[in-house]
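Undergrad: To start, I am sharing the structure in question, which I have written as structure tokens.
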Amino acid sequence: MSTVNAKTWPKLTSADEFRFLADLVLKRSEADHTVINCHDQHGGTTRFANSRVVQNVDTRRGTLTVAVAFDRRRGSASTTDFTAGAVQDALDRAERIARVSPEDPEFLPPPEPQVFPTPLTSRPETTAAGPSRRLEYANEAIGQCRIENLQAAGIVSSSVASVGIAASSGLFAQEERTEARFSLTVQAEDATGWSAAAHRSIDHLKIQDRTLSAINKAKRSRDVQELAPGRYRVILEPAAVAGLWSWMLWTLDAKSYDKGTSPFAGQLGRQILDERLTLQNLPDHPDLLGTGFTHEGLPSEDSVWIEKGVLRQLAYDRFTAQQHKIKRIATLEAPCVSASGPAAFKTQELIKRCERAILVTNFWYIRTVNPTDLTLTGMTRDGTFLVEDGQITTAVRNFRFHESPLRVFKQVEAFTEAVEAVTSETGKMLVPAMVLPDFHFSSVTRF
46 MSTVNAKTWP KLTSADEFRF LADLVLKRSE ADHTVINCHD QHGGTTRFAN
96 SRVVQNVDTR RGTLTVAVAF DRRRGSASTT DFTAGAVQDA LDRAERIARV
146 SPEDPEFLPP PEPQVFPTPL TSRPETTAAG PSRRLEYANE AIGQCRIENL
196 QAAGIVSSSV ASVGIAASSG LFAQEERTEA RFSLTVQAED ATGWSAAAHR
246 SIDHLKIQDR TLSAINKAKR SRDVQELAPG RYRVILEPAA VAGLWSWMLW
296 TLDAKSYDKG TSPFAGQLGR QILDERLTLQ NLPDHPDLLG TGFTHEGLPS
346 EDSVWIEKGV LRQLAYDRFT AQQHKIKRIA TLEAPCVSAS GPAAFKTQEL
396 IKRCERAILV TNFWYIRTVN PTDLTLTGMT RDGTFLVEDG QITTAVRNFR
446 FHESPLRVFK QVEAFTEAVE AVTSETGKML VPAMVLPDFH FSSVTRF
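Numbers in this note's numbering are just positions in the sequence shown, counted from 1, shifted up by 45.
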């Protein structure tokens, strides 16, 4: 359901209201197992292009999903209408689907009641933010760009959601989650600069700082030099690091590991990266988008996935975890990559230390070339520069790369402390900027 006027829908579904809806389903369900998921969200987005606001909408969306099982035969149905009649209809449809479905050999009953952590998933300033606040931030970015006679395009968004899960096993969890996002692309003729942020608090987006950073990238990228493709020392800014690491996160699943199709196959407990690198899940970290529970009703907890370069953890679904007799399934919704040892304070310090390198702001359109060794391809974007004798000397034409993060992160020359990194393709992480000694740029792009 979507509406411009949020007053036509009652307040966000509370824990008591979700419990009432769940009890209504559970009392009337004829199935052996029943699970109810709720996602009720109120938020909006302000979009701007060519240094003008082109859209400023407020929306309300709510979905209640009922999943049932008769023995191993499953069915589910959803509704955007939270009235008793509509919820009953969703239950009836789910039961009809389950009765005619084939058995699922990997079906498991819903989890038993759990003890959930309570991270700070909601911030009142984001809940209170509406179209006016978002418009104010958008105009701040646009105004800074107009001063420099540059074009601005991007978004400012904010939302608050009520998320809940309940099951016939007695499982129940509900929490409120806020999220705010900012993304800006600044255009200076054919050159672009970019910056982005995401946070539970809209006050943490740092609009002015990120706008000035994007402006600086665009202005520096006006006059480009074309360099030959080949192997270069690179300084990867946090967004570029996050783009490569995200593909490692997505391929850590235990099922493909067991089949031998994972790029990590046979590497559990072995050194796979530089011994200073550690990957953790930190749902309590104030600058990450941690949650108290997953969509399956499992608790989100601190966990270590890669410890000093050694692979310690895989991503399990409940069925595969049962096969491996794993009782606590680790989650990875709030990833943090850190490096041990002396760290530079900022990327600028990494630049000063390099005699010659390519500085990469961001990677774009990253895709898999060879899943067996996780070779990826993609392009540099929004600020690619040549560093000589400790300073940026010129912008360079964008490159296409062919590389595996499992190779390039085996040797890290220098790094900063972990900071926030957001891209359109990777979500949000905490990662350091890094200097890598050998990175393969396979060709030069035509833009």
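For every residue, glycine included, the Cβ atom is placed at its ideal position computed from N, Cα and C.
Please classify Phe460: is it buried, with 16 or more other beta-carbons within 10 angstroms of its beta-carbon, or exposed?
TA: By the neighbour-count rule (16 or more Cβ atoms within 10 Å), Phe460 is buried.
Undergrad: If you drop the 5 nearest sequence neighbours on each side, which residues of the same chain put their C-beta closer than 7 Å to that of Ala51?
TA: Bear in mind that a pLDDT of 40 at Ala51, under 50, signals an unreliable position, so the number given afterwards is only what the model happens to contain. So the list reads His87, Asp103, Arg105, once near-sequence residues are dropped.
Undergrad: Pick out whichever of Pro155, Glu62, Val99, Asn95 has its Cα sitting closest to the Cα of His340.
TA: When each option's Cα is compared against that of His340, the closest is Pro155.
Undergrad: Since Glu282 contacts Val441 with CB under 8 Å, what's their CB separation in whole angstroms?
TA: Actually they do not touch by this definition, with Cβ atoms about 15 Å apart.
Undergrad: Whole angstroms is fine: what's the gap from Val286's alpha carbon to Glu448's?
TA: Each residue's alpha carbon lies about 13 Å from the other.
Undergrad: If you scan the stretch 317-377 from start to end, which runs of the alpha helix (DSSP H) of 4 or more residues do you find wholly inside it?
TA: Counting only runs of 4 or more, we get 363-368.
Undergrad: Cα-Cα, which of Ser121, Pro158, Thr471, Ala206 is closest to Ala173?
TA: Closest option to Ala173, Cα to Cα, is Ala206.
Undergrad: Along the chain, where does the alpha helix (DSSP H) that runs through Ser385 open and close?
TA: Element bounds for Ser385: n/a, residue is neither H nor E.
Undergrad: Assuming Ala241 contacts Lys264 under a Cβ cut-off of 8 Å, what Cβ separation, rounded to an integer in Å, is found between them?
TA: Ala241 to Lys264, Cβ: 19 Å. No contact.
Undergrad: DSSP state of Pro380, grouped into three classes?
TA: Reduced to three states, the DSSP call for Pro380 is strand.
Undergrad: Going by CA-CA distance only, name the one from Val382, Pro450, Thr439 that's closest to Arg412.
TA: Of the candidates Val382, Pro450, Thr439, the one whose C-alpha sits nearest the C-alpha of Arg412 is Pro450.
Undergrad: On the criterion of 16 or more Cβ atoms from any shown chain inside 10 Å, does Val49 qualify as buried, or is it exposed?
TA: With a pLDDT of 42 at Val49, under the threshold of 50, the modelled position of this residue cannot be trusted; read the value that follows with caution. Under this definition Val49 is an exposed residue.
Undergrad: Would the stretch 220-236 and the stretch 405-423 be scored as touching if the rule is three or more Cβ pairs under 8 Å?
TA: Contact between the stretch 220-236 and the stretch 405-423 is absent, because fewer than three Cβ pairs lie under 8 Å.
Undergrad: So is Pro169 buried or exposed if we call it buried at 16+ other beta carbons inside 10 Å?
TA: Exposed.
Undergrad: Below 8 Å, can you find three or more Cβ-Cβ pairs linking the stretch 132-142 to the stretch 111-124?
TA: Touching, yes.
Undergrad: Counting only runs that start and end within the stretch 247-273, where is the alpha helix (DSSP H) found for 4 or more residues in a row?
TA: Complete alpha helix (DSSP H) runs here, min 4: 252-265.
Undergrad: Within a Cβ cutoff of 8 Å, which residues of the same chain sit near Ser47, ignoring the five residues on either side of it in sequence?
TA: Since pLDDT at Ser47 reaches only 40, below the 50 mark, its modelled position is unreliable, and no value is offered.
Undergrad: By the three-class DSSP mapping on this structure, what secondary structure does Asn50 have?
TA: Only weak support is given to the placement of Asn50: the predicted model assigns it a pLDDT of 44, under 50, and the value that follows is read from those uncertain coordinates. Coil.
Undergrad: Hey, how far is the Cα of Glu75 from the Cα of Gln358?
TA: Spanning the two alpha carbons is a distance of roughly 39 Å.
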